[in-house]
Each structure stands twice: as C-alpha cells, then as structure tokens.
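Chemist: Residue numbers (our numbering): 13 to 318.
Ideal Cβ positions, reconstructed from N, Cα and C, are used throughout, including at glycine.
Sharing a structure here in structure tokens format.
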C-alpha cells in the first residue's frame with residue numbers, strides 16, 4: 013500500500029487527514045471497536061519500517077498484526093502521528109443497534125484523535141481536518157464548520173469534512189493503520205474476556221458466531237458481554253430458556269424492535285474472510301417467563317446492511 017499518497021492529495025486544502033475503521037460488527041459478543049489514525053508530516057513516514065507493512069487488517073496474519081500494533085504504539089512516543097480508540101459495548105449495541113453503535117464509536121474515536129492533534133500542535137489555529145471512513149457510511153453530525161454548526165469543537169478547529177471510501181482499509185494508509193489498531197486491540201479485549209467468561213472459546217473465535225460458540229450459547233446461555241439483540245442470544249432469552257444476564261437490560265432489546273441474524277462464521281485462524289453477511293429473521297411469537305414482562309409487541313423485521 014502506498015504510504016500516505018492518497019492522504020497527501022488533500023493536504024493542500026486540509027492540515028490533517030484522519031483515517032477511521034472498525035472491528036467487530038459481526039460477532040455475537042464483545043464490543044465493536046473503532047480506531048482513528050492521523051499521520052502529521054508524510055515527509056517522515058519513510059523513517060519507520062513498519063509503515064511499509066500497513067494493509068487491510070484482514071489480510072495480515074494475527075501474529076504479524078499484533079507486532080504491527082505494538083510498533084504503532086511504541087513509535088507514537090515520537091509524536092509523528094496520533095491514534096486512539098473507542099469500544100462500544102454490547103449493552104449500547106442492544107440499545108441503539110449495531111450500525112448506530114458503530115457510527116457513534118467512529119465519531120468518538122475521531123474526537124479523541126482531534127484532541128491529540130491539538131495537544132501536539134498548540135501553536136496552530138484555524139485547523140482544517142479531513143476524515144476518511146472505511147465503508148459506505150459516515151457518522152452523522154461529524155462534519156463541522158465553525159460558526160455554522162449546531163455544536164462547537166475546540167476553538168483551534170475551523171472545519172471538518174468527512175468522506176466514505178469503500179474498501180478504504182486496502183487503499184488508504186491511515187485507514188489501514190486504523191484497521192490494524194482496531195482489530196488487534198479488540199482481539200486483546202476478547203482474549204481477556206475469555207479468562208472471565210469461560211465455555212465460549214472466545215480465545216479462538218473472538219466472539220464471532222462459530223459453530224462451537226453457537227452451541228455453547230444454546231447450552232449455557234448468553235453472558236453479560238453477549239449481544240442480546242443478536243441471534244441466537246435473543247431466542248435464548250425471549251423463549252424463557254435462559255434468564256437475562258445480571259446487569260443487562262432486556263427492555264432495551266424489546267424497545268429496539270430489531271433482531272440481527274449473522275450467518276455462521278466458518279473461518280479458521282488467519283484465514284481470509286469477507287465481511288459477514290446479515291439477513292432478516294421472522295418475529296418470534298410472544299413469550300413470557302420468570303423475570304421478564306410479557307412482550308406484547310412483535311418485533312418488526314429489518315434488513316441490516318453495513
């Protein structure tokens with residue numbers, strides 16, 4: 013991947029270009045994680061060997077991805093670039109739906125990087141930023157123009173514009189770097205969860221819907237970190253087979269009125285995969301059981317495309 017050539021086409025007009033990508037929209041449990049990445053001066057990018065290895069995180073073996081993430085973290089002390097992350101947990105996903113949660117996490121990750129940029133460039137003002145988002149959707153409300161927007165960013169920022177780039181993680185250096193940061197960070201989160209939530213093989217599947225993971229949910233039920241608005245977690249609760257995990261709010265799931273079904277993930281470690289396709293489901297019949305109020309409203313089906 014060219015090291016910053018795409019971003020540099022924006023630099024005559026903008027001061028900084030931020031790349032954004034996510035990891036974890038398709039799993040049955042754990043957070044959806046977004047990373048934002050911004051290189052400050054592309055004249056220095058050749059000074060770091062690891063920059064030549066940046067690519068779509070899905071095309072990089074897990075061990076290599078972990079090493080790249082460590083290199084990105086270690087080299088950040090030089091302040092030649094900045095990056096940051098935001099994890100949106102299962103409870104928030106169940107409250108607002110997976111697409112909205114993903115877009116919101118993108119916005120928050122970008123805001124965190126904006127703060128870092130300002131801290132590293134205290135002498136700059138009237139800063140113009142370009143945000144490049146992987147995919148075909150951009151976070152609503154992220155674009156900004158000082159004096160005309162309904163909200164205020166730090167006074168140093170004059171304008172922010174946003175563009176979506178399909179398969180940007182394989183085309184744009186900063187998006188590729190963000191994809192590696194998001195994926196490696198989320199994998200580490202899931203490995204920690206594997207110690208606390210045993211029986212789901214999270215160490216291996218990272219929360220994705222493998223056959224073993226689905227059978228485990230059917231056998232021991234969903235845990236606190238599972239997405240209750242995703243099948244098969246939803247049916248386990250709605251049919252009364254299992255109780256709502258302690259600390260989770262089932263009312264959020266009922267109010268969402270949308271259940272997401274993800275096809276079984278058959279991938280093996282380090283195997284190249286495409287983004288998981290999603291499909292609709294039919295509303296389940298109304299059920300009542302101990303600890304849950306009667307669900308008097310059928311869930312409407314919805315096609316989730318992201």
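Report the rounded CA-to-CA distance for residue 240 versus residue 215, giving the unit in angstroms.
Modeler: Distance between the alpha carbons of residue 240 and residue 215 is about 20 Å.
Chemist: Nearest CA to the CA of residue 132: which residue from 55, 275, 95 and 26?
Modeler: The candidate whose alpha carbon is nearest that of residue 132 is 95.
Chemist: Please specify which runs of the alpha helix (DSSP H), each continuous and at least 4 residues long, are wholly inside the region 203–275, giving them in chain order.
Modeler: As far as the region 203–275 is concerned, its whole alpha helix (DSSP H) runs of at least 4 residues are 214–217, 223–232, 245–250 and 262–268.
Chemist: Would you call the region 189–196 and the region 71–84 touching, i.e. three or more CB-CB distances under 8 Å?
Modeler: In short, these stretches touch, since the Cβ pair count reaches three.
Chemist: Please report the distance separating the alpha-carbon of residue 177 from that of residue 59.
Modeler: Near 27 Å, if we compare the C-alpha coordinates of residue 59 and residue 177.
Chemist: How many angstroms separate the CA atom of residue 136 from the CA atom of residue 165?
Modeler: Rounded to whole angstroms, residue 136 to residue 165 spans 15 Å at the Cα level.
Chemist: Assign residue 36 to one of three DSSP states: helix, strand, or coil.
Modeler: Correct three-state label for residue 36: coil.
Chemist: Between residue 169 and residue 139, which are expected to be in contact by the criterion C-beta below 8 Å, what is the C-beta distance as a whole number of angstroms?
Modeler: Yes, they are in contact, since the Cβ atoms of residue 169 and residue 139 sit about 5 Å apart, within 8 Å.
Chemist: Does the Cβ of residue 77 have 16 or more other Cβ atoms within 10 Å, making it buried, or fewer, making it exposed?
Modeler: Classification for residue 77: buried.
Chemist: Could you name the residues that DSSP lists as bridge partners for residue 62?
Modeler: In DSSP, residue 62 forms no bridge with anything.
Chemist: Using CA atoms only, rank isn't needed, just tell me which of 45, 63, 88 and 150 is closest to residue 15.
Modeler: For residue 15, the nearest C-alpha among the options comes from 63.
Chemist: Touch check for the region 138–154 and the region 178–186: three-plus C-beta pairs under 8 Å?
Modeler: Output reads yes: the region 178–186 touches the region 138–154.
Chemist: Return the first residue and the last residue of the beta strand (DSSP E) that residue 144 is part of.
Modeler: Element bounds for residue 144: 139–146.
Chemist: Go ahead and pull the three-state DSSP assignment for residue 94.
Modeler: The answer is strand: DSSP assigns residue 94 an E or B state.
Chemist: At the level of alpha carbons, what is the spacing between residue 25 and residue 51?
Modeler: Taking the straight line joining both Cα atoms gives about 16 Å.
Chemist: Got a sec? Which residues, its chain only, sit under 8 Å from residue 66 by beta carbon, not counting five neighbours each side?
Modeler: So the qualifying residues of the chain are 13, 15, 80, 185, 188, 189 and 192.
Chemist: Looking at C-beta atoms only, is the number of pairs between the region 225–240 and the region 201–211 that lie closer than 8 Å three or more?
Modeler: Yes, the region 225–240 touches the region 201–211.
Chemist: Do residue 125 and residue 249 come within 9 Å of each other at the CB atom, strictly closer than that value?
Modeler: Taking 9 Å as the Cβ cut-off, residue 249 and residue 125 do not qualify as a contacting pair.
Chemist: Label residue 117 either buried or exposed according to how many other C-beta atoms from any shown protein chain fall within 10 Å of its C-beta, with 16 as the threshold for buried.
Modeler: Buried, since its Cβ has 16 or more Cβ neighbours within 10 Å.
Chemist: If residue 33 sits next to residue 47, beta carbons under 8 Å apart, how far is it from one beta carbon to the other, in whole angstroms?
Modeler: That belief holds up - the Cβ atoms of residue 33 and residue 47 are roughly 6 Å apart, short of 8 Å.
Chemist: For residue 157, which residues does DSSP report across the bridge?
Modeler: Answer is 171.
Chemist: Is it buried or exposed for residue 303, if we count other Cβ within 10 angstroms and need 16 for buried?
Modeler: With a pLDDT of 36 at residue 303, under the threshold of 50, the predicted position of this residue should be treated as unreliable, though the coordinate-derived value follows. Looking at its Cβ environment, which holds fewer than 16 other Cβ atoms inside 10 Å, residue 303 is exposed.
Chemist: Is the separation between the beta-carbon of residue 120 and that of residue 93 shorter than 9 Å?
Modeler: No. Outside cutoff.
Chemist: Beta-carbon separation of residue 167 and residue 154 under 9 Å?
Modeler: No.
Chemist: Grab the span of the alpha helix (DSSP H) containing residue 121 for me, first residue to last.
Modeler: Per DSSP, residue 121 belongs to the alpha helix (DSSP H) from 110–132.
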